[in-house]
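Peer 1: In this note's numbering, the protein residues as written are 74 to 701. Dropping a structure here in structure tokens format, bear with me for questions.
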Ligand code: ADP
Ligand code: MG
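Okay, structure coming up:
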């Protein structure tokens, strides 16, 4: 309980006790009414003050105003006991609601716990504690057991296992040793490690993700804005209707010659005001979205705003990139087929030419070569997305890439019969041979595709890789619509066609962030795989799957659907109860007590319902991939 909640609880207790005592003391008339003003002011002073502020700031029609008009009106017509009771109930409801909101905020705050709060610098005179923001690239930091890695870096001494669960929801720690990259926000589980800072704090993973989560809740969904606008029209309308009930109805009945007591109508109008309070909607809808986003991030799915939750829920087409999305993106050289030179020579040329590339293919070639690369010998590097690279090595022109690149440069190449990704290598336009590399389909990909289909979604695969390998992967995963040999631009064209011809629903594009930025940006919902580590993909995508697990695509869609269902439940439930009570109230079938009880009840239930969105249901997250 925070200070404000404690103060309100004390106010509630004091005024309840006072209320009961005054009720029991046998006073009558004006004295009794005057005495009841005391508990009224104790419990309601802030509402009165807020009403005055509201009017001053040009927002006269809010729930404070409704409560003020209703309770003061009740006093005037002599229903002072009910007036105090109404205020009491209202405040009890507010207290409950603040508990629920606080709970969910705390849950979300826990997510932001990835932000490290210190870094320990190794200096000539020993360890020195500094803020993560003060770390410079190249600094040597010591990270002890149980501490968070302050900035992204590389281990230069020691080994340990690190826990990525704060970033990805993945609970199995990963072994890391000298030369491995460690990300800020991960927790060192055992063993002391020395880390060389590779990035400053502001561009490190932990800070990027924290910023992302913070910004996400600021982006409003359509239904959220709708509720805001709705409240703007709703409250004045309600006040107008109350006026009609209080004045026009009795006037009308007098004209018609039917005798009614004016006070009865005023009382009905006031109950009407109490019941029409829109707080349940105004509070629970944004809260539902907020909890939905929070719940998803706890499972390692970062959704960049409530509007994307809405679009996710409507996804009908999922276009998947192959490399890095459905496959590990972890190529291994299967074989080197060559003309006349040493196998190692081909690998050497290829890895020198690829030395500046971060493409998974480049990484694997360098790994297969396994030796130091002197980058000063590599000049004029050009990377052609979806084709390969060109570089000059010791003055020789080297081309490394697929059929397309060779054709374009007039290199006569030999076609490869085996299934796999083929990497041709040419020197001065003369064909040297090719490296056949293989990638593994992720263990979760098959289930991921099945889950998507079960949700009634059309799944297509788009890849820049060759026909044979594309078909093989498609067959393995039961994807019938496979498009291959695509340049990033072709992917975009196919995507646009699908977007333009779609019958209904939204189009999602899922890529690993390399070469796929245009398609991710163009999609209704752009999803980047493996946000951890690759910061560029975090920026362009609407949704980031932190670990590479494609099963989380269907999880995210189901979760979005569930969150929206909760939002609609709240809207419908609140409106239905209100309308029912408004009708009953107009005919004098309920009193003000019941009205406020219904209002507070609806609000508490709606808020509790909203917090259900914090939980992500369904799927299993166990990773079955063998980590190499
Ligand atoms: P995907 O669509 O499967 O993710 P990309 O668009 O990243 O694939 O690349 C498509 C193809 O372009 C690769 O299969 C490869 O043949 C070629 N390619 C792209 N980048 C490189 C590179 N750096 N070196 C060699 N070949 C590359
Ligand atoms: Mg790719």
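Here a beta-carbon is modelled for each residue, glycine too, at the ideal position from N, C-alpha and C.
1. I need the DSSP call for residue 694, collapsed to helix, strand or coil.
2. Taking the alpha carbon of residue 87 as the reference point, which residue from 321, 641, 164, 508 has its own alpha carbon closest?
3. Please list, in chain order, all residues of the same chain as residue 262 whose beta carbon is under 6 Å from its beta carbon, the five residues on each side excluded.
4. In the DSSP output, which residue or residues are listed as bridge partners for residue 494?
5. Tell me the rounded alpha-carbon separation between residue 694 and residue 268.
6. For my contact list, residue 446 and residue 496 are in at a C-beta cut-off of 8 Å; report their separation, rounded to the angstrom.
7. Report the residue from 369, 518, 588, 118 whose alpha carbon sits nearest the alpha carbon of residue 616.
8. Is it buried or exposed, residue 592, if we count other Cβ atoms within 10 angstroms and call 16 or more buried?
9. Cα separation between residue 279 and residue 187?
10. For residue 401, count the other beta carbons within 10 Å of its own beta carbon; 16 or more makes it buried, fewer makes it exposed. Which is it?
11. What number of angstroms, rounded off, separates the C-alpha of residue 466 from the C-alpha of residue 628?
12. Do residue 504 and residue 486 count as a contact pair if the criterion is CB distance below 8 Å?
13. Residue 512 to residue 579, Cα distance in whole Å?
14. If I follow the unbroken beta strand (DSSP E) through residue 421, where does it start and stop?
15. The ligand ADP and residue 561: does any heavy atom of the ligand fall closer than 7 Å to the residue's C-beta?
16. If residue 113 sits next to residue 156, beta carbons under 8 Å apart, how far is it from one beta carbon to the other, in whole angstroms?
17. Please identify the residue among 222, 232, 274, 98 whose C-alpha is closest to the C-alpha of residue 206.
18. I'd like to know whether the C-beta atoms of residue 599 and residue 348 end up nearer to each other than 8 Å.
19. Thinking residue 162 and residue 673 are a contact (beta carbons under 8 Å), I'd like their distance in whole angstroms, please.
20. Is residue 488 near the ligand ADP, with its Cβ less than 7 Å from a heavy atom?
21. Which value, in whole angstroms, describes the spacing of the CA atoms of residue 450 and residue 517?
22. Using 8 Å as the Cβ pair cut-off and three pairs as the minimum, do the region 619-636 and the region 645-653 touch?
23. Just the C-alpha distance for residue 490 and residue 540, rounded to the nearest angstrom, thanks.
24. Hey, how far is the Cα of residue 75 from the Cα of residue 353?
25. How is the alpha helix (DSSP H) around residue 381 delimited, first residue to last?
26. Determine the direct distance from the alpha carbon of residue 430 to that of residue 498, and round the result to whole angstroms.
27. For residue 463, which of helix, strand or coil comes out of DSSP?
28. Is residue 700 buried or exposed, if buried means 16 or more other CB atoms sit within 10 Å of its CB?
29. Thinking C-alpha only, which one of 314, 596, 390 is nearest residue 532?
30. Please state the DSSP three-state secondary structure of residue 195.
31. At which residues does the alpha helix (DSSP H) containing residue 298 begin and terminate?
32. Measure the CB-CB distance between residue 85 and residue 116 and report whether it falls below 8 Å.
33. Taking all protein chains shown into account, do 16 or more other C-beta atoms lie within 10 angstroms of the C-beta of residue 146, making it buried, or fewer, making it exposed?
34. Assign residue 334 to one of two classes, buried (16 or more other C-beta atoms within 10 Å of its C-beta) or exposed (fewer than that).
35. In whole angstroms, what separates the C-alpha of residue 199 from that of residue 215?
36. Can you tell me the Cα-Cα spacing of residue 661 and residue 341, whole angstroms?
Peer 2: Checking against the coordinates, here is how it stands:
1. Residue placement at residue 694 cannot be trusted, given a pLDDT of 42 that sits under 50; the coordinates are not used to answer.
2. Nearest of 321, 641, 164, 508 to residue 87, Cα basis: 164.
3. Correct list, in chain order: 234, 236, 246.
4. Looking at the DSSP assignment, residue 494 forms a beta bridge with 510.
5. In this predicted model, residue 694 has a pLDDT of only 42, less than 50, meaning its place in the structure is not dependable enough to derive any value.
6. Wrong, their Cβ atoms sit about 17 Å apart, outside the cutoff.
7. Selected option, being the one with the closest Cα: 369.
8. Buried is the call here.
9. Their backbone Cα atoms lie some 6 Å apart in a straight line.
10. Residue 401 sits buried, since 16 or more C-beta atoms from the chains shown fall within 10 Å of its C-beta.
11. Their backbone Cα atoms lie some 47 Å apart in a straight line.
12. The answer is yes: Cβ separation under 8 Å.
13. Distance between the alpha carbons of residue 512 and residue 579: 30 Å.
14. Run containing residue 421: none in the beta strand (DSSP E); it sits in the alpha helix (DSSP H), 416-426.
15. Checking the Cβ of residue 561 against the ligand ADP gives yes.
16. Right, the Cβ-Cβ distance comes to about 6 Å (below 8 Å), so this counts as a contact.
17. Here the closest residue by C-alpha is 274.
18. Against a cut-off of 8 Å, the Cβ pair of residue 348 and residue 599 comes out as no contact.
19. Contact holds; Cβ gap of about 5 Å.
20. Not one heavy atom of the ligand ADP is found less than 7 Å from the C-beta of residue 488.
21. Cα to Cα, residue 450 sits roughly 41 Å from residue 517.
22. Not touching, per the Cβ criterion.
23. Cα to Cα, residue 490 sits roughly 12 Å from residue 540.
24. Their Cα atoms are separated by approximately 22 Å.
25. For residue 381, the enclosing alpha helix (DSSP H) covers residues 379-386.
26. CA-to-CA, the gap between residue 498 and residue 430 works out to about 16 Å.
27. Residue 463 falls in the strand class under three-state DSSP.
28. With a pLDDT of only 31 at residue 700, under the threshold of 50, the placement of this residue in the model should not be trusted; the figure read from the coordinates follows. Residue 700 should be labelled exposed.
29. Nearest of 314, 596, 390 to residue 532, Cα basis: 390.
30. Residue 195 sits in a strand when the DSSP states are folded into three classes.
31. Unbroken alpha helix (DSSP H) run through residue 298: 295-316.
32. Contact flag set, yes.
33. Label assigned to residue 146: buried.
34. Exposed.
35. Cα to Cα, the separation comes out at about 11 Å.
36. Answer to the nearest angstrom: the Cα atoms are 6 Å apart.
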